[in-house]
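*Asks:* My structure is below; once you've seen it, I'll send some questions.
In the UniProt record's numbering, the protein residues as written are 1 to 184.
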């Protein structure tokens, strides 16, 4: 039985005019537009959590284990080591970021593209980042949750790679990858 059928509040909201749609969440987001933003966000977060099994403790385990691997990685570790001195605030920010990405909680209020533009990274770094992330997600999360966060990680990596390439004067066509002339 779906959450919709179990929750009379959600059923009542569905009868209201003007239902919200969020790209990629069809079937999860039949939430009335006349409900407050917080109520809509809470309902959406609840639905995603119910569908995927993701919760805040899982996100924290994923983030912490992933960054343990990143820090120990020969390619990625040095990029982070030169920029992050105090890891705990960074890990808390990343937990908020992934909560916002995976559960749509709205906890993160930052500018990830701006933070990544100055980094000396290219396709090889993004490939390694994704490999470590996928490995960690498959280890920490049930299959449906892992699929959910991995799909989002891939889109994020692609977007950041395109942004970094563009900021360095390389405009990528469909399927092209960014190769830095000065690999770090």
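Here a beta-carbon is modelled for each residue, glycine too, at the ideal position from N, C-alpha and C.
1. So, residue 70 versus residue 125, is the Cβ gap smaller than 8 Å?
2. Checking contacts by CB at 8 Å: is residue 63 closer than that to chain B?
3. Since residue 188 contacts residue 62 with CB under 8 Å, what's their CB separation in whole angstroms?
4. In terms of alpha-carbon separation, which member of 165, 88, 175 and 178 lies closest to residue 64?
5. Nearest-angstrom Cα distance between residue 19 and residue 37?
6. Relative to the alpha-carbon of residue 98, which residue among 179, 167 and 152 has its alpha-carbon at the smallest distance?
7. DSSP three-state call for residue 79: helix, strand or coil?
8. Does the region 141-151 touch the region 47-54, meaning 3 or more C-beta pairs lie closer than 8 Å?
9. List the whole-angstrom C-beta distance separating residue 162 from residue 119, where the pair is believed to meet the contact cut-off of C-beta under 8 Å.
*Replies:* Answer, in terms of the structure:
1. no
2. No chain B appears in this structure, which consists of one protein chain only.
3. Within the shown structure, residues of the chain are numbered from 1 to 184, placing residue 188 beyond reach of any answer.
4. 88
5. With a pLDDT of 47 at residue 19, under the threshold of 50, the modelled position of this residue cannot be trusted; read the value that follows with caution. Using only the alpha carbons, I get a separation of about 13 Å.
6. 152
7. helix
8. yes
9. At roughly 14 Å, the Cβ-Cβ gap does not stay under 8 Å, so residue 162 and residue 119 are not in contact.
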